[in-house]
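J.: In terms of mature numbering (1 follows the signal peptide of the UniProt record, and there is no 0), the sequence shown is residues -25 to -1, 1 to 694. Note that beta-carbon positions come from the ideal geometry of N, C-alpha and C, so glycine has one too. Input: one structure, supplied below.
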Amino acid sequence: MRIPKKIIGICGAVGLLCGGTTTFAATSTNTPQVVKQEKKVEGNIQEEIIKVDSSEVKKRKILTYFNNNKPKKYKENEVIVKFKKNYSIKSLGSLSTTLGLTNAKELNKEGIHVIKFSKNKKMANVLKELNASSNVEYVEPNYVYQPTAVTDPLYNELWGLKNTGQEILGQVGKKGIDISAEAAWANTKGSSSLVIGVIDTGIEINHPELKDKIWVNTGEIPNDGMDNDKNGYIDDVNGWNFYDKNNRLFIRGEEDFHGTHVAGTIAAKANKIGVTGIAPNVKIMPLKFLGPYGGYESDAIVAIEYAKAKGVKILNNSWGGGEHSQALKDAIKNSGTLFIAAAGNSAENSDTSPAYPAAYDLPNILSVASINNTGNLSGFSNYGAKSVDVAAPGESILSTTPSMEGDYSTAYEYLDGTSMATPHVTGVAALVKSARSSYTPVQIKDAILRTTTKLSSLTGKVVTGGLVNAGRAVNFDVDSDIPGITWKGGSISTSLDASKDKNDVYSIKLLKGEKVKATLTGDSGTDFDLYLYNDTTKTVNSSNGIVAHSEIANSSKESFTFTAPETGTYYLNAYAFSGAGKYILSVTEGIGEGTYENTSKYFGYEGTWNKISDGSASASSYTSTNQTDSTVKIVFNGTGISYKALKNDKQGIAKVTLDGKSENYSLYAATPKYKEEIFSKTGLTAGKHVLSIEWTGQADPVARKNSTEVNIDSISVLK
């Protein structure tokens, strides 16, 4: 079956324009065939007479929406507001009445709301007034976002999963310019328990390639008109339509063409008909927020929150075009997902002309550009050496589309766009997560970025300079080099092999002055070593950046102690010099039992502190500050802590924080009192704790305004 490309795009307020199209006619042999067409256009209804093998004639109607007005950039008379903690629309008082404000919707529990205002008020004035309020953290328009498909029909041959150099409309492809799907499939075709969220238009969930691939909400009883799982959505059995505010995930016609195509690229069933998704065993959660005229940022945010609440870890986002939105950025940042986003189709440098949401500088966003079958950046694709991460196949991508009058034999089309490149990367991410279920979203991203196929055509165009490679990504150990996996404390038992798995790397965040002791014990007959690299190091395949190490010949009993000179991320490296076997790595963080004077190297001073010699103080000195941004942090390992200081008439209020809980304590006294216990805490769980002492600039209520000094004499740790 040979299928010319569907011409789909955005005109005016996101109308989907369908040009001359030859449909996919199924045959028993699945052999590509050349077909021709005639068409006529009457108003908004386009009738096509499709000739298949010059013998069978079919008719179909395609709704085409024409609107030559420029798309609205935001929803009229509506803004998104984030209130400061403990504030709401009621806190605005008379301003609320003046602007005619009403609370339309709470988007999440972080204080972000959709607020409507009077139609006779201008957007600019409303933004100005609300931004001036001390109760508001930020306010912005409810921006419009749109799908990112391209109108230009360039190529129409399937090649993204396996490119053999086949000819595409006279254009010979380049062998190997694909995502190496088959190499990944030798490992996994995806886990049936893994759910991928598709934030897009709707999806035709009854398509034969998709109907068994749609997520089912087991907490909901279908069609009983009740919200069984108490999540605020009635009968959300397979997802939700945030655009229409109901559970209808598919509307017949062109409206849900885009999302159906995207879903097929990710997870179309491997059923020997039509197409195959990159991860055909995973499930798709349809999250519709785009309609025939685009979609609002507020609905995108709620869709993200829905996916988060359901535990989704990978989201496909083949849309963009709005302005910078702090609310959307915050929602993505806090989503707990790998947010894979289309770089955009404006042929612009995103480093200088950012396209959101792909251009948000967040560790859990993976931005995707498009390449063609010869390995060149697509002419329409955005790019950016700093802001676009990888490239993926995005031209002439064949996938599932809605049926015409129930005929699924024609329900496949080719599309172009970074919208089409993005689900290729999402499919790869799904395979990585399936193969390595413990990987976090950031680790999945890291595996993808570090295993791309380097292409000279992408040098300086995307961060990695490469095309996503599923085979490598699925088989990549993120712990083999920096940044490694996050150290979770305590100890870990795993293995090394000098012939095929020489390095295990763990990232560990240390505060200035923090003491750390690392101990490694390996199997008999092995020779494993232990290293610690600083936070400027790029790879453990070099001695550059080593700040501590233990290399005992013919032994796997290694240990070192290190004190961090600066706050940062350091990298523990267990290395197999020879042999293969198991090892146990243990790390103890913080100072242990004892009394530590103010000059201890384990005190992480920040800001301006001065040593004051005084024979009455412990060890004849104390450290003092009366400057803003002055703090000290002490990491300890024990069950109790005591902080002692000098009290006199120059001292003020110290902010003391233990493990994130803060209280203020006065150091003021009319007459000097030495070695006074300011703060103590016992009965802590044995293990790592962090004590922070901070200058506040506040005086005791009975003191003069300028009595604001804070000092430290000693710290005692209980075992």
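#1: Once DSSP output is grouped into helix, strand and coil, what is the label at G440?
#2: Once you ignore the five residues that flank T439 on each side, which residues in its own chain have a CB closer than 7 Å to its CB?
#3: According to DSSP, simplified to helix, strand and coil, what is F578?
#4: Flag this pair as touching only if the region 172 to 192 and the region 213 to 228 have three or more C-beta atom pairs under 8 Å; answer yes or no.
#5: Would you call I372 buried or exposed, if buried means 16 or more other Cβ atoms sit within 10 Å of its Cβ?
#6: Can you check which of these residues, H236, D382, N291 and S63, is closest to E112 by C-alpha distance?
#7: Could you pull out every residue in the same chain whose Cβ sits closer than 6 Å to the Cβ of K586, ignoring the five residues on either side in sequence?
#8: Could you name each continuous beta strand (DSSP E) segment of 3 residues or more that falls completely within the region 491 to 523, going from the start of the chain to the end?
#9: Using only CA atoms, which one of S300, G266, P338 and S310 lies nearest to A282?
#10: Going by alpha carbons, who is nearest to S378 out of S300, F232, S468 and D510?
#11: Do A551 and A629 have their C-beta atoms closer together than 7 Å?
#12: If you draw a straight line from the C-alpha of I690 to the C-alpha of G286, how long is it?
#13: Can you list, in chain order, the residues of its chain whose CB lies under 6 Å from that of S525, leaving out five sequence neighbours each side?
#14: Starting from H664, trace the beta strand (DSSP E) both ways and give me its first and last residue.
#15: Work out the CA separation of L185 and T2 for me, nearest whole Å.
#16: Please classify T528: is it buried, with 16 or more other beta-carbons within 10 angstroms of its beta-carbon, or exposed?
#17: According to DSSP, E564 sits in a beta bridge with which residue or residues?
#18: Which ranges would you report for the alpha helix (DSSP H) in the region 148 to 177 if only whole runs of at least 4 residues count?
#19: Taking the beta carbon of H399 as the centre, do at least 16 other beta carbons fall within 10 Å, making it buried, or is it exposed?
#20: Identify which residue in G194, E104 and G86 has its Cα closest to the Cα of L74.
#21: Are the region 558 to 566 and the region 493 to 500 in contact at 8 Å, needing three or more beta carbon pairs?
#22: State whether the region 82 to 96 contacts the region 257 to 270, with contact taken as three or more CB pairs (one from each stretch) at a distance under 8 Å.
#23: Taking three-plus beta-carbon pairs below 8 Å as touching, is the region 394 to 409 in contact with the region 151 to 164?
#24: Please report the distance separating the alpha-carbon of I55 from that of A330.
#25: Could you check what DSSP says for F552 in three-state terms: helix, strand or coil?
#26: Tell whether a beta-carbon distance below 7 Å holds between A278 and T393.
#27: Which residues mark the beginning and the end of the beta strand (DSSP E) in which I88 is found?
#28: According to the Cβ coordinates, are G488 and F578 closer than 7 Å?
#29: Please classify I196 as buried or exposed, where buried requires at least 16 neighbouring CB atoms within 10 angstroms.
#30: Leaving aside the five residues before and after W670 along the sequence, list all residues of the same chain whose C-beta is less than 6 Å from its C-beta, in chain order.
#31: Would you mind working out which of G239, T501, Q673 and E230 sits nearest T375, comparing C-alpha positions?
#32: For A284, tell me which candidate among G172, G151, S518 and D326 has the shortest Cα-Cα distance.
#33: Quick check on D454: does DSSP put it in helix, strand or coil?
#34: Take N106 as the anchor and find which of S455, F58 and T235 has the nearest alpha-carbon.
#35: Are there three or more Cβ pairs, one per stretch, closer than 8 Å when the region 431 to 438 is compared with the region 350 to 358?
#36: So, helix, strand or coil for T570, using DSSP?
T.: Well, looking at it:
#1: Here the question's residue 440 lines up with position 465 in the sequence shown. Here G440 sits in coil by DSSP.
#2: Here the question's residue 439 lines up with position 464 in the sequence shown. Result list for T439: D364, V365, L424 and T427, in chain order.
#3: For the purposes of this step, residue 578 is identified with residue 603 of the sequence shown, where counting begins at 1. Of the three classes helix, strand and coil, the one that applies to F578 here is coil, per DSSP.
#4: Counting C-beta pairs closer than 8 Å gives three or more between the region 172 to 192 and the region 213 to 228, which meets the contact rule.
#5: For the purposes of this step, residue 372 is taken as residue 397 along the sequence shown, with counting starting at 1. It is buried - the Cβ of I372 has at least 16 other Cβ atoms within 10 Å.
#6: Position 137 of the sequence shown, counting from 1, holds the residue named residue 112. Among H236, D382, N291 and S63, the Cα nearest to that of E112 belongs to S63.
#7: As a working mapping, residue 586 is identified with position 611 in the sequence shown. Answer for K586: S596 and T598, listed in chain order.
#8: Runs of the beta strand (DSSP E) lying entirely within the region 491 to 523, each at least 3 residues long, are 502 to 508 in chain order.
#9: Walking along the sequence shown from the start, residue 282 turns up at place 307. Between A282 and the set S300, G266, P338 and S310, the nearest pair of CA atoms involves S310.
#10: Mapped onto the sequence shown, residue 378 falls at position 403. The candidate whose alpha carbon is nearest that of S378 is F232.
#11: For the purposes of this step, residue 551 is taken as residue 576 along the sequence shown, with counting starting at 1. For the purposes of this step, residue 629 is taken as residue 654 along the sequence shown, with counting starting at 1. Taking 7 Å as the Cβ cut-off, A551 and A629 do not qualify as a contacting pair.
#12: Mapped onto the sequence shown, residue 690 falls at position 715. Mapped onto the sequence shown, residue 286 falls at position 311. Between the C-alpha atoms of I690 and G286 there is a straight-line separation of about 43 Å.
#13: Taking the sequence shown and counting its residues from 1, one reaches residue 525 at position 550. Answer for S525: L505, E533, S534 and F535, listed in chain order.
#14: Here residue 664 refers to the residue found at position 689 of the sequence shown. First-last of the beta strand (DSSP E) with H664: K663 to W670.
#15: Taking the sequence shown and counting its residues from 1, one reaches residue 2 at position 27. Taking the sequence shown and counting its residues from 1, one reaches residue 185 at position 210. Only weak support exists for where T2 lies, its pLDDT of 22 falling under 50; the coordinates are left without a value.
#16: If you number the sequence shown from 1, residue 528 lands on position 553. Looking at the sequence shown, residue 528 is not Thr but Ala. Within 10 angstroms of the beta-carbon of A528 lie fewer than 16 other beta-carbons, which makes it exposed.
#17: Within the sequence shown, numbered from 1, the residue matching residue 564 stands at position 589. Beta-bridge analysis with DSSP links E564 to V491.
#18: Fully enclosed alpha helix (DSSP H) runs of 4 or longer: 156 to 160.
#19: Within the sequence shown, numbered from 1, the residue matching residue 399 stands at position 424. H399 comes out buried.
#20: Counting from 1 along the sequence shown, the entry for residue 74 is found at position 99. Minimum Cα distance to L74 is reached at E104.
#21: Judged by Cβ distances under 8 Å, the region 558 to 566 makes contact with the region 493 to 500, as three or more pairs qualify.
#22: No: fewer than three Cβ pairs fall under 8 Å.
#23: The region 394 to 409, when compared against the region 151 to 164, does touch it at the 8 Å Cβ threshold.
#24: Within the sequence shown, the letter at position 80 stands for residue 55. Within the sequence shown, the letter at position 355 stands for residue 330. Each residue's Cα considered, the two are about 20 Å apart.
#25: In the sequence shown, residue 552 corresponds to position 577, counting from 1. In the three-state reduction of the DSSP assignment, F552 falls in the strand class, which pools E and B.
#26: Taking the sequence shown and counting its residues from 1, one reaches residue 278 at position 303. Taking the sequence shown and counting its residues from 1, one reaches residue 393 at position 418. Not in contact: A278 and T393 (Cβ atoms no closer than 7 Å).
#27: Walking along the sequence shown from the start, residue 88 turns up at place 113. First, the residue type needs correcting, since residue 88 is His and not Ile in the sequence shown. Unbroken beta strand (DSSP E) run through H88: I87 to K91.
#28: Translated into positions along the sequence shown, residue 488 becomes position 513. Translated into positions along the sequence shown, residue 578 becomes position 603. Cβ atoms of G488 and F578: closer than 7 Å.
#29: Taking the first residue of the sequence shown as 1, we reach residue 196 at position 221. Note on I196: under 16 other CB atoms within 10 angstroms of its CB, so exposed under the neighbour-count rule.
#30: The residue you call residue 670 lines up with position 695 of the sequence shown. Apart from the 5 residues on each side of it in sequence, W670 sits with its Cβ closer than 6 Å to the Cβ of T600, S605 and V685 in its chain, given in chain order.
#31: As a position in the sequence shown, residue 375 is number 400, starting the count at 1. When C-alpha distances from T375 are compared across G239, T501, Q673 and E230, the shortest belongs to G239.
#32: Position 309 of the sequence shown, counted from the start, is the residue given in the question as residue 284. That would be G172, whose Cα lies nearest to the Cα of A284.
#33: As a working note, residue 454 is residue 479 in the sequence shown. Three-state DSSP puts D454 in a helix.
#34: Within the sequence shown, residue 106 is the residue found at index 131, counting from 1. The option with the nearest alpha carbon to N106 is F58.
#35: Enough Cβ pairs lie closer than 8 Å, so yes.
#36: As a working note, residue 570 is residue 595 in the sequence shown. If DSSP states are grouped into helix, strand and coil, T570 belongs with the strands.
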